[in-house]
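The structure appears right after this line, and notes come after that.
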Amino acid sequence: MQTSKLNSLYIMLDSSVLASMQGGAWIDKSGNYCFCGTTPTCSSPAGFFNLSAYESTGIYVPPEPPIAYVTGFVAGCYALESLLQSTLECFFDQECLNTVVQFFSSSNLTNVEALNENVTQFPRQTTIGVILRELFIENWVTMSSFENYFAQCAPISSHLKLKDRVRVIWYWLKTQTLELNMFNSEETWHNDYFRRISVISTRVYLLLLTIALIILITNNTLTIQTQQFTVNEPSQATFEQLQANSKYSSTLECPCQKIAIAFNSFIFISVHFHQFCSSDFVVKSSEWMNLLYYRWVAFFYSYDDFRLFVLPHFRLLISFCTLANDTIVSALGQFSSNTLISSRAQSRQTIETQVTTAIDRLRRSTSATFIRMLDFVRHMAHGNGIVSSTLSNWHFLSLNTSVSWTALWAESRSYGNCSCGANPTCTSPAFIDQWPILGFRVGCDPLESLLQSTLACLYDVSCINRIQFMYYSSNLTMHPLNRTLSAPSATVKSLLNQLM
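Residue 158 in the working numbering is what sits at position 138 of the sequence shown, and the numbering runs on without skipping anything.
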């Protein structure tokens with residue numbers, strides 16, 4: 021669409037054709053210039069204009085009012101960014117919707133009805149970015165059924181404790197014991213004297229039997245004596261003392277009041293990122309980016325000059341810091357929601373081992389997921405043969421300039437003996453004119469060359485100054501990175517493997 025960059029063809033004195041990309045610029049609602057090279061979210065109100073792209077010369081400002089505005093929609097450097105900033109106001113307005121339809125007369129759309137504002141939770145001024153964060157979900161419909169739960173539970177039995185019932189049972193046992201007669205006979209049926217003698221004999225028998233059982237039980241218990249005691253609500257110190265005592269550790273059981281314990285109640289994780297992510301290059305990123313931006317850089321400098329790579333490199337580095345932080349925050353949120361399931365208190369060593377294992381698994385899985393997504397982006401770019409915005413991997417040539425319309429042919433760039441047509445990861449050391457830029461590399465793709473680069477230059481004041489003053493003089497103060505906090509020789513790829 022050429023909304024962020026404009027392809028320009030220049031006829032040189034020797035009749036050759038030079039293809040170059042010119043940075044796009046937009047004028048916002050306030051009338052201020054916004055350059056896509058430094059701010060990818062530049063936008064202007066969308067409308068239908070009687071204007072071709074080549075007439076704008078890379079500056080997207082209409083010389084006259086539009087034929088019609090599309091209420092709520094904006095146009096900008098990138099289709100996705102401008103869409104996320106847009107609203108669906110036009111789709112709720114029948115008149116606006118009809119205007120849009122009439123500009124596409126070749127379509128078969130007829131009688132397109134506007135959306136009903138009463139059937140959505142989102143106001144018409146809601147941006148598509150906000151709606152997307154809500155996954156376009158209007159509402160969640162949930163339902164629970166206790167009947168289904170109870171059918172799945174299917175309890176085997178229920179136990180009840182009733183004080184009145186206990187009294188009845190005790191009275192029945194007492195009565196049966198007192199009236200028990202194990203020597204019942206015909207003589208005792210009609211003779212009270214013999215009946216009393218039988219009852220007394222039964223009691224004596226039971227007494228002797230009880231004494232015998234007591235003697236037997238006492239004899240057995242004296243052989244191996246086991247004492248059981250209970251400590252109510254033991255403190256941590258008491259628990260660890262009992263754990264350390266070999267006499268108690270094997271039989272110690274302390275049931276937990278909570279079987280499931282959330283990780284965030286006893287595991288605390290703080291992440292410290294690479295110092296670059298909190299350096300002046302990020303804190304002062306807006307001023308730094310404006311200082312590095314030059315609209316005509318691809319026209320005046322060679323394809324392998326670091327001036328073509330410096331802005332994409334720093335934009336990528338800042339994006340990596342943001343993405344790493346977002347990835348860590350998301351991963352820690354999911355990790356904190358996990359629970360430790362245990363019916364009884366575990367020893368300190370057991371808990372520390374489980375926590376160490378869980379954190380190590382978190383670190384490895386989070387880093388692997390991040391690198392896997394980055395590799396996906398890299399392979400998609402390589403497989404689709406995407407042309408770099410700085411024409412650092414491919415450039416266009418004309419084989420015949422004697423006709424009004426000529427075909428352009430793509431030719432791959434080379435870095436040393438490595439051709440971008442065969443290997444998209446070709447790189448070479450970075451230079452500004454004859455001055456080397458420590459650690460940085462240039463290559464077919466800004467991302468690939470950055471991954472092979474180090475941040476050694478950012479530890480050196482003179483190297484930073486060389487970048488800072490490559491176009492203009494500036495009084496912006498940029499402090500170098502501290503060598504004692506991180507290694508200057510570490511590649512950006514190795515930093516990303518550790519999520520910065």
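Here a beta-carbon is modelled for each residue, glycine too, at the ideal position from N, C-alpha and C. Keep in mind that this is a model prediction, so the values were computed, not measured.
Q. For F542, which residues of its own chain have a beta-carbon under 7 Å away from its beta-carbon, when the five flanking residues on both sides are left out?
A. Absent from the model: residue 542. The displayed extent of the chain is 21 to 520, so no value can be given.
Q: Return the bridge partner residues of P275 from the DSSP annotation.
A: According to DSSP, P275 bridges with R364.
Q) Roughly how many whole angstroms lie between the Cα atoms of M520 and D346? A) Distance between the alpha carbons of M520 and D346 is about 12 Å.
Q: Just tell me which of G441, I452, F396, A351 has its CA closest to the CA of S322.
A: The option with the nearest alpha carbon to S322 is I452.
Q | Rounded straight-line distance, which links the Cα of F340 to that of F326 | A | The straight-line gap from Cα to Cα measures roughly 20 Å.
Q: Would you kindly report the start and end of the unbroken beta strand (DSSP E) that includes C110?
A: Counting along the chain, C110 falls outside any beta strand (DSSP E), though it belongs to the alpha helix (DSSP H) covering 109-112.
Q) For the segment 96-106 against the segment 136-156, are there 3 or more C-beta pairs whose distance is under 8 Å? A) Verdict: yes, contact present.
**Q.** Beta-ladder partner(s) of I452, from DSSP
**A.** Paired residue(s): W455.
**Q.** Rounded distance between the beta-carbons of S473 and R461, thought under 8 Å
**A.** For R461 against S473, the beta-carbon gap comes to about 5 Å, under 8 Å, which counts as contact.
Q: Along the alpha helix (DSSP H) that carries W308, what are the first and last residues, could you check?
A: Secondary structure note for W308: its alpha helix (DSSP H) is the uninterrupted segment 305-312.
**Q.** Bounding residues of the beta strand (DSSP E) (the contiguous stretch that carries C54)
**A.** Start and end: 53-55.
Q) Taking DSSP as the reference, what is the three-state secondary structure of I281? A) Under the three-state reduction of DSSP, I281 is assigned to strand.
Q: Pull up the distance between the alpha-carbon of S306 and that of Q354, whole angstroms please.
A: If you take the alpha carbons of S306 and Q354, they lie about 33 Å apart.
(Q) Across the segment 292-303 and the segment 491-505, are there enough close Cβ pairs to call them in contact, namely three or more that are closer than 8 Å? (A) As far as the Cβ criterion goes, the segment 292-303 touches the segment 491-505, which means the pair count is three or higher.
Q: Return helix, strand or coil for I379, following the three-state DSSP convention.
A: In the three-state reduction of the DSSP assignment, I379 falls in the helix class.
**Q.** C-beta atoms of T91 and C116 nearer than 8 Å
**A.** Yes, the Cβ-Cβ distance between T91 and C116 is below 8 Å.
Q: Count the other CB atoms, across all protein chains shown, that sit within 10 Å of the CB of Y74; report buried if there are 16 or more and exposed otherwise.
A: Interpretation of Y74 is limited by its pLDDT of 49, a score under 50 that renders its predicted location unreliable; the figure taken from the coordinates is listed afterwards. So Y74 ends up on the exposed side.
Q | Contact between the segment 400-415 and the segment 373-385 (3+ Cβ pairs under 8 Å) | A | Touching, no.
Q: Report yes or no: do the segment 327-335 and the segment 248-264 share at least 3 C-beta pairs separated by less than 8 Å?
A: Taking a cut-off of 8 Å for Cβ pairs, the segment 327-335 and the segment 248-264 do not touch, as fewer than three such pairs fall below it.
Q: List the endpoints of the continuous alpha helix (DSSP H) containing F142.
A: Taken as a continuous stretch (DSSP letters only), F142 belongs to no alpha helix (DSSP H), as it is neither H nor E.
Q) Residue range of the alpha helix (DSSP H) that I338 falls in? A) 330-356 is the extent of the alpha helix (DSSP H) around I338.
Q: Compute the Euclidean distance between the alpha carbons of N265 and E273, then round it to the nearest angstrom.
A: When the Cα atoms are used, N265 and E273 turn out to be separated by approximately 13 Å.
Q: Drop a sphere of 10 angstroms on the beta-carbon of S63, count the other beta-carbons inside from all chains shown, and report buried for 16 or more, exposed for fewer.
A: S63 should be labelled buried.
(Q) Is it the case that the segment 270-287 contacts the segment 354-364, given that we only count it when at least three CB pairs across the two stretches are under 8 Å? (A) Contact between the segment 354-364 and the segment 270-287 is present, with at least three C-beta pairs closer than 8 Å.
Q. Considering only C-alpha positions, which residue in the set F396, K304, A442, F320 is nearest to M498?
A. Minimum Cα-Cα distance from M498 among the listed residues F396, K304, A442, F320 corresponds to K304.
Q: Give the secondary structure of L417 by DSSP, where H, G and I count as helix, E and B as strand, and everything else as coil.
A: Reduced to three states, the DSSP call for L417 is strand.
Q.
Restricting to Cα atoms, I'd like to know which of F334, S434, R153, D480 is closest to L467.
A. Looking at F334, S434, R153, D480, the one whose alpha-carbon comes closest to that of L467 is F334.
Q) Got a sec, what are the start and stop residues for the beta strand (DSSP E) I148 sits in? A) Premise fails: I148 lies in the alpha helix (DSSP H), 148-153, not in any beta strand (DSSP E).
Q) Excluding five sequence neighbours on each side, which residues of the same chain lie with their C-beta closer than 7 Å to the C-beta of R185? A) Reliability fails at R185, whose pLDDT of 44 lies under 50, so the model's placement of it is uncertain and no value is given.
Q) DSSP three-state call for P65: helix, strand or coil? A) The three-state secondary structure of P65, taken from DSSP, is strand.
**Q.** Inter-residue Cα distance where the pair is N136 and K49
**A.** So the two alpha carbons sit approximately 29 Å from each other.
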